[in-house]
Amino acid sequence: VKGARGRFPVKLIYASVLPMILVRALQANIQFLGQILNNWWSGMPLWLGEYTQGQVTGGLFWYLAPIQSRQDWMWFLGFTSQEPLAITARVLIDLTFMIAGGAVFAIFWVETTGMGPEATARQIQNSGMQIPGFRRNPQVIEKVMERYIPQVTVIGGGLVGLLAVLANMLGTIGGVSGTGLLLTVSITYKLYEEIAEEQLMEMHPMMRQMFGD
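Read in order, the letters of the sequence shown are residues -14 to 198 in our numbering.
Now the structure itself:
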């Protein structure tokens, strides 16, 4: 439709919550390494890791272990016997790991799944759309996208990491992990968007070109 206008959504959580799975997988691999060292290295120093019945209770690997529930940090309610200073350090490490890791993996996810500025500019160009006030040129569109996508990707990735840690710390209904809760909400909302998009394209067949159908 000549003269039709639309919006290209650059959401705050642009890379979705899938990069969080990669961050949690990295944390799980670190803990798995600690378990291997504990089983095969009888002289492993306590500063590296201390284990009781297969559970890490001290050392570097304990500080790198993610906070799973309120029992891991609420010393003031008697849930754990760890020192408050050590618990505070562990919480800060988990927050830093998730926020920084979320931002890094979000950038990686955007660049490898065709959501970066260059790929987005090509998508807009191929759809026959253009940004008002700018030339219809992929390089020009890419520069416009570079004003928003990288910044939103980093902020959104860090925000999802923060929400995942807070959900674990405060607890969720049913005991679901913070990452699992965010993933469920993301998938549900994505399904809603796809249904709405299909209805839009049925009402306006010309919109299919925008979505590459």
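Backbone N, C-alpha and C define an ideal beta-carbon position, used for all residues, glycine too.
Query: Beta-bridge partners of Val41, as assigned by DSSP; Result: Tyr36
Query: Cβ shell of Tyr133 (< 6 Å), same chain only, five flanking positions each side left out; Result: Val(-5)
Query: Rounded C-alpha distance that separates Phe61 from Tyr48; Result: 19 Å
Query: First through last residue of the alpha helix (DSSP H) which encompasses Glu68; Result: Taken as a continuous stretch (DSSP letters only), Glu68 belongs to no alpha helix (DSSP H), as it is neither H nor E.
Query: Cβ-based neighbour list, Ala91, same chain, cut-off 6 Å, excluding 5 preceding and 5 following; Result: Ala0, Pro4, Thr138 and Gly142
Query: Segment contact flag, the segment 35 to 43 with the segment 119 to 130, C-beta cutoff 8 Å, min 3 pairs; Result: no
Query: Beta-carbon spacing of Trp32, Leu22 below 9 Å; Result: no
Query: Endpoints, alpha helix (DSSP H) assigned at Thr98; Result: Premise fails: Thr98 is in no alpha helix (DSSP H) and is neither H nor E.
Query: For Met130, the first and last residue of its enclosing alpha helix (DSSP H); Result: Pro123 to Glu131
Query: Beta-carbon proximity check, Phe93 vs Gln12, cutoff 9 Å; Result: no
Query: Ile84 - DSSP class collapsed to helix/strand/coil; Result: helix
Query: Backbone secondary structure at Gly156 - three-state DSSP; Result: coil
Query: Leu151 to Ala85 span [Cα, whole Å]; Result: 15 Å
Query: DSSP-derived helix/strand/coil call for Ser1; Result: coil
Query: Between the CA atoms of Ile6 and Gly19 - distance to the nearest angstrom; Result: 20 Å
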